[in-house]
Structure formats: structure tokens, C-alpha cells
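Note that the sequence shown covers residues -20 to -1, 1 to 251 in mature numbering (1 follows the signal peptide of the UniProt record, and there is no 0).
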Amino acid sequence: MKRFTFFVFLLLLCWNTASAQSVSHELENTSPLFLGVEAGGGVALTIGARLIVGSPSETCGWCESNGFDRAGRNLLVVESASKEIGYISHGVTVGLVPALGLFGIISPALDADQGGHAIENTVMMVNAFLYTTAVAELAKGLADRQRPGVHFGRASETQAGDFVSEQNRSFFSADTAWAFTLASSASTISYLRGYEWAPYITAGTFSLATIGGAMRIMSDMHWPTDVLVGALVGSAIGFLGPFLLHSRADVAVVPSVSEGTTMMELIWQTP
């Protein structure tokens, strides 16, 4: 209930902030063709990753743990409700995080009478999700890391007991990677577009993503390093995709010479 109240508070805060602004800058490479090819690349890579790794392994290739992971797991795991927390965590990582992120990149675009920007923003966010899925699929299939719940002989008390084929797919946490990708991409797009509530979207989505990642450890489905790597990979893809492929169209870097000094000048046009 507290998490839901916090989520509603963030939405109301962002809504109030949005009413005072109506800016939505143009971004590079947002044509339907470019975004479609970008999405197709993500789908192709995901399918390719699945073909490369094949069916999930029934035996672990990475069976041993380490002191850091064991200590972190023992500190956070909730053995009395591991399975329940595991299922609830999905509602945070692929529920609340994208909901807040989409709200943060759609509402200000509509407020600025830029419905096309709302669609472009959504597609960019989905594309980042697709590329993260491809990387996570490849990593899980190659690592074959045993989940902590299975490692400690309590698979039946976790989600791993309901999905036997997932018992050796611990590294890295796809849920965490997805959550941080969605948070990072929504935040990056918000800043690129110039939305005034970008800081609130960043704080809100990353807070929820962190909670979701912690819940994956609490549910005994992931080791701490699974979650940390997932967070790093997800954040990187969520940032680099929009930042490198869809930079702001009204930003230019030009050379400038003044009294024998050569420099680069950043020109940022505003409406």
C-alpha cells in the first residue's frame, strides 16, 4: 500500500509540474522508418540470442557462489515469503516503472500539442527494452548460473519451483535490467525533449527500479551481483540508445576563434 501511495504521489507531482510547461524539442532520427529499423534490430538480436543459447540448461554451468553474494543474499532474503515477493516484484519492474516512465514521456508531449512526440518517445523506450532483452537472453544462456534458491535447496519455496527451466538462468537479472532500462530511457528522453519534470521522472523511476531489484534478491531468485550487473547494463542501454541515436535536433557544436584561442562552442537553440 505504501508503494502504491508513493507511486500516486509521483504522478500527481509530475502532473502539477507539467501544467506549467509546454516544451517538447525535436530529436534526431525519429522517422517511422528509422524507428522501425531500430525496433527490428532489437527483435532480430533477441531471436538470434535465443537461437545461439538454445534451450535452457538443466544443469548449472556456474554453480558456486562467493562471499559477497552469500552475505548480500543472507542480508536481504525473506525466506518466509520468497515466492510471493518474487511475483510482486514483476509488478514493480515491468509494471510501475514503465507506467511512470510512459506517463513522464507522453503527458508532457501531449501538453505541448505534440502527439507525434508521444508516439516517438514510446517507441524509443520500447526499443531500448528490446535491446536489453537480447543482451539478457544471451547472458543467461551462456552463464547458466544457478539461482540462490536452488543453490540452497529451497527451489520449491521460490518462483524457480514453478518454472524448472529457469533454475539455472540467474545471471544477470532481466527484471532488474528491464526496470533500469525503462527508467534510464524515460529519463534520458525527458531531458532531451526538455520536459521540466524530467528530474521527478528520473527520481521516481530509478527509485522504483531499485526497489524492484532488491525484491529480486529478497525473493531468492537472484544473487546481488546478478542485480548489480542488470542495473548497470539496463542503465547503459537505456541511456545510450536515446542519447546516441536521438540527440536533440536543435543542438550544434561549431568551432570558434577568439584572439588566437581556438575553442568549440555549443549552440543550444530554444523556442
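Where a beta carbon is used, it is the ideal one built from N, C-alpha and C, also for glycine.
Item                                                                                                                                  : Value
Alpha-carbon spacing of residue 149 relative to residue 100, whole angstroms                                                          : 33 Å
Simplified DSSP state of residue 42, which is helix, strand or coil                                                                   : strand
Paired residues, beta bridge with residue 228 - DSSP                                                                                  : 7
Strand pairing of residue 53, partner residues [DSSP]                                                                                 : The partner list for residue 53 (beta bridge, DSSP) is empty, contrary to what the question assumes.
Alpha-carbon to alpha-carbon, residue 107 and residue 1                                                                               : Reliability fails at residue 1, whose pLDDT of 49 lies under 50, so the model's placement of it is uncertain and the value that follows must be treated cautiously. One C-alpha to the other measures close to 27 Å.
Buried versus exposed call for residue 7 [16 or more other C-beta atoms within 10 Å across all chains shown]                          : buried
Contacts around residue 56, its chain only, beta-carbon distance under 6 Å, and the 5 residues preceding and following it disregarded : 197, 198
Close beta carbons around residue 219, own chain, < 6 Å, minus the five adjacent residues each side                                   : 164, 168
Neighbourhood of residue 85 by C-beta, 8 Å cutoff - its chain only, sequence neighbours within 5 removed                              : 98, 101, 102, 105, 166, 169, 170, 173, 175, 181
Assumed close pair residue 123, residue 129 - CB separation to whole angstroms, cut-off 8 Å                                           : So it is not a contact: roughly 17 Å between Cβ atoms.
CB-CB length for residue 211 against residue 110, believed under 8 Å                                                                  : Contact doesn't hold; Cβ gap of about 18 Å is too wide.
Backbone CA spacing between residue 15 and residue 9 [nearest angstrom]                                                               : 7 Å
Collapsed DSSP secondary structure at residue 173 in the structure displayed                                                          : helix
Where residue 196 falls: helix, strand or coil (DSSP)                                                                                 : helix
Where residue 158 falls, given that 16 or more other Cβ within 10 Å makes a residue buried                                            : buried
Sufficient close CB pairs (3 or more, under 8 Å) joining the stretch 111 to 118 to the stretch 23 to 35                               : yes
CB-CB length for residue 188 against residue 77, believed under 8 Å                                                                   : 5 Å
Cutoff 6 Å; reference residue 154; Cβ partners in own chain excluding five residues on either side                                    : 116
Residues of its chain near residue 44, where Cβ-Cβ distance is below 6 Å and the 5 sequence neighbours each way are ignored           : none
DSSP state of residue 30 mapped onto helix, strand, coil                                                                              : helix
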